[in-house]
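Under the numbering used here, the sequence shown has 150 at position 31, and the numbering climbs by one with no breaks.
For reference, the structure discussed in these notes is given below.
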Amino acid sequence: QTKIAMITEDKVTEIFCMADDFCKFFDAMVAKYTLKPTGKRKYHRDSTMSKA
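So this is what it looks like as structure tokens:
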């Protein structure tokens, strides 16, 4: 016996709304907890040519 799942337009809309709510929450958390650049990058060595 074959079972056919009927997905109504309302159910599809509900799934998209849930996904949209998650994406909004996720974007807010990424923006809040992502490390931001602190300014100019600093390198550990002086900028000189090698003696080789």
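Ideal Cβ positions, reconstructed from N, Cα and C, are used throughout, including at glycine.
DSSP-derived helix/strand/coil call for residue i
{"i": "K122", "result": "coil"}
{"i": "M148", "result": "helix"}
{"i": "M179", "result": "Beyond the ends of the chain as shown, which are 120 and 171, falls residue 179; an answer cannot be given."}
{"i": "T132", "result": "helix"}
{"i": "K159", "result": "coil"}
Contacts around residue i, its chain only, beta-carbon distance under 8 Å, and the 5 residues preceding and following it disregarded
{"i": "K130", "result": "none"}
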